[in-house]
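Since the structure comes first, as structure tokens, the remarks are kept for the end.
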Amino acid sequence: MEEGQTQVTKDNPYAQYHVVQKGDTLSKIAEEYYGDKMLYPRIFEANRDILTDPNKIKPGQKLLIP
Amino acid sequence: MNLRNHARSLAVGVLASMLLVAGGCSRGKDEATRAVSAASASLSAISEEAAKYMPSELQSVESSLTALRENLAKGEYKQVLANAPALTSSIDSLKSAVTAKAMEAKAAAQEWTGLAASVPQMVTALQSRVDILAKSKRYPKGLDAKSFGTLQSDFENMKSDWAAAMNASTNGNPIDAVAGAKSAKATGERLLQQLGMGAAPAA
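Sequence lines, in order, name chains W and E.
Mapping the first sequence onto my numbering, position 61 (from 1) lands on 61, and the numbers just tick up by one.
Mapping the second sequence onto my numbering, position 65 (from 1) lands on 65, and the numbers just tick up by one.
Now the structure itself:
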């Protein structure tokens, strides 16, 4: 997370979520929501409570999209 | 009737007339004094809330009361009695309007509690997404450079509305605070939709 960046947390009722589907990657999800797959670390950092490796996501996981 | 009796009758008549006039004056003064006192008391009872919610209307009624007091001080009792009903009517109207405003303010204060909790969360969610998209080399589906620029501008307006609303709340004006917060929330809901962030939850 970059310094000064606003952090949306999971208790925020306006937070957006993505439920991981088979074949999803964080890059693909970043491209879908941000238009830029290189921004996947933003999603990874926002979900460190359930993700340990950006390359390992499982179908059914509910990811916060900051 | 001899001259002496005639003079006596005349004197008695003049004296009676003078007493009648004096009695009339005294009654007029009493009525005028009572009218001014009643108006003063009525206005005094609502002046604190009126100053808060309808200051210019209060000022206008106070000016009328001052004029009436001046009439009374000058002994212009007829003038006082002629103008008192209009002043009483103005005070009654002001009282009704102030009561309505006070009820509106009370309802607004309750509504503010919900808005004060939800709008900052909306701002945070939007700020987070806008900050990320500002660094994106491309835009997601449904967004381009032009529409994102407009969206950023609208988001700044939303934050200004919210800042004004908080300022109004701090200054004890819940009616303006709620109006500003509702405007901010409406903009925020539109921006959330634009960004594909879904419908806002119920407040």
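Note that CB positions come from ideal geometry on N, CA and C, so glycine has one too.
As the structure is a prediction and not an experimental result, all values here were calculated from the model.
Simplified DSSP assignment, three categories, for residue i
{"i": "K29(E)", "result": "helix"}
{"i": "K62(W)", "result": "strand"}
{"i": "Q21(W)", "result": "coil"}
{"i": "Q127(E)", "result": "helix"}
{"i": "Q194(E)", "result": "helix"}
{"i": "A202(E)", "result": "Confidence in A202(E) is poor, its pLDDT being 47 and thus under 50, which makes the residue's placement unreliable; the coordinate value appears in the next sentence. Note: A202(E) maps to coil in three-state DSSP."}
{"i": "Q16(W)", "result": "strand"}
{"i": "Y34(W)", "result": "helix"}
{"i": "R48(W)", "result": "coil"}
{"i": "V98(E)", "result": "helix"}
{"i": "T9(W)", "result": "coil"}
{"i": "I29(W)", "result": "helix"}
{"i": "D54(W)", "result": "The residue asked about is misnamed: residue 54(W) is Pro in this sequence, not Asp. Three-state result, P54(W): coil."}
{"i": "R4(E)", "result": "helix"}
{"i": "E189(E)", "result": "helix"}
Selected residue, minimal CA-CA separation from residue i, among the options
{"i": "N173(E)", "options": "A35(E), D30(E) and M54(E)", "result": "M54(E)"}
{"i": "M197(E)", "options": "E32(W), L39(W), T52(W) and K56(W)", "result": "E32(W)"}
{"i": "N12(W)", "options": "Q121(E), T150(E) and S89(E)", "result": "Q121(E)"}
{"i": "G75(E)", "options": "A41(E), T33(E), S93(E) and E57(E)", "result": "T33(E)"}
{"i": "S89(E)", "options": "S40(E), D176(E), A186(E) and N167(E)", "result": "S40(E)"}
{"i": "K78(E)", "options": "A51(E), N5(E) and S26(E)", "result": "S26(E)"}
{"i": "M103(E)", "options": "E49(E), L72(E) and K29(E)", "result": "E49(E)"}
{"i": "K95(E)", "options": "A51(E), Q152(E) and S136(E)", "result": "A51(E)"}
{"i": "A116(E)", "options": "E62(E), S147(E), V178(E) and V36(E)", "result": "V178(E)"}
{"i": "Q5(W)", "options": "S47(E), F155(E), T124(E) and P140(E)", "result": "T124(E)"}
{"i": "R190(E)", "options": "Q152(E), N5(E), S60(E) and Y139(E)", "result": "Q152(E)"}
{"i": "T25(W)", "options": "I50(W), P66(W) and F44(W)", "result": "F44(W)"}
{"i": "E70(E)", "options": "E31(E), A105(E) and V36(E)", "result": "V36(E)"}
{"i": "G142(E)", "options": "G35(W), A15(W), Y17(W) and Q16(W)", "result": "G35(W)"}
{"i": "D176(E)", "options": "A45(E), E31(E), A109(E) and S47(E)", "result": "A109(E)"}
{"i": "D154(E)", "options": "S93(E), A100(E) and K185(E)", "result": "K185(E)"}
{"i": "I91(E)", "options": "A38(E), A82(E) and H6(E)", "result": "A38(E)"}
Residue j beta carbon less than 8 Å from that of residue i
{"i": "S169(E)", "j": "W112(E)", "result": "yes"}
{"i": "G180(E)", "j": "D161(E)", "result": "yes"}
{"i": "L64(W)", "j": "K28(W)", "result": "no"}
{"i": "I132(E)", "j": "R42(W)", "result": "yes"}
{"i": "L241(E)", "j": "L126(E)", "result": "Chain E is shown only over 1 to 203; residue 241(E) falls outside these bounds and no answer can be derived."}
{"i": "K37(W)", "j": "A30(W)", "result": "yes"}
{"i": "K62(W)", "j": "V19(W)", "result": "yes"}
{"i": "L195(E)", "j": "R129(E)", "result": "yes"}
{"i": "A84(E)", "j": "L68(E)", "result": "yes"}
{"i": "L39(W)", "j": "S147(E)", "result": "no"}
{"i": "L72(E)", "j": "V61(E)", "result": "no"}
{"i": "T187(E)", "j": "M158(E)", "result": "yes"}
{"i": "L87(E)", "j": "S64(E)", "result": "yes"}
{"i": "V119(E)", "j": "I46(E)", "result": "no"}
CB contact check: residue i to chain C, cutoff 8 Å
{"i": "Q61(W)", "result": "The structure shown contains no chain C; the protein chains it does contain are W and E."}
Exercise for the section: Check each residue of the stretch 111-128 of chain E: if its Cβ is closer than 8 Å to any Cβ of chain W, include it; give the result in chain order. Expected result: S118, Q121, M122, T124, A125, L126, Q127 and S128
Handout entry: Near-chain W residues of the stretch 133-162 of chain E (beta-carbon distance less than 8 Å), N- to C-terminal order
Key = L133, K135, S136, K137, R138, Y139, P140, K141 and L143
Exercise for the section: Report the residue ranges of all alpha helix (DSSP H) runs contained in full by the stretch 26-96 of chain E; include only those spanning at least 4 residues, in chain order. Expected result: 55-73
Practice task
Select from the stretch 176-200 of chain E all residues with a C-beta closer than 7 Å to any C-beta belonging to chain W, and list them in chain order.
Solution key: L192, M197, G198 and A200
Exercise for the section: Could you run through the stretch 38-61 of chain W and flag, in chain order, every residue whose CB is less than 8 Å away from some CB of chain E? Expected result: M38, L39 and R42
Exercise for the section: May I ask you to list, following chain order, the residues of the stretch 86-107 of chain E that have a beta carbon less than 8 Å from some beta carbon of chain W? Expected result: none
Practice task
Would you mind listing the alpha helix (DSSP H) stretches within the stretch 130-178 of chain E that are 4+ residues and don't spill past its ends, in chain order?
Solution key: The stretch 130-178 of chain E contains these whole alpha helix (DSSP H) runs: 145-170.
Exercise for the section: Determine which residues of the stretch 11-27 of chain W have a Cβ less than 7 Å from any Cβ of chain E, and write them out in chain order. Expected result: N12, P13, Y14, A15 and Q16
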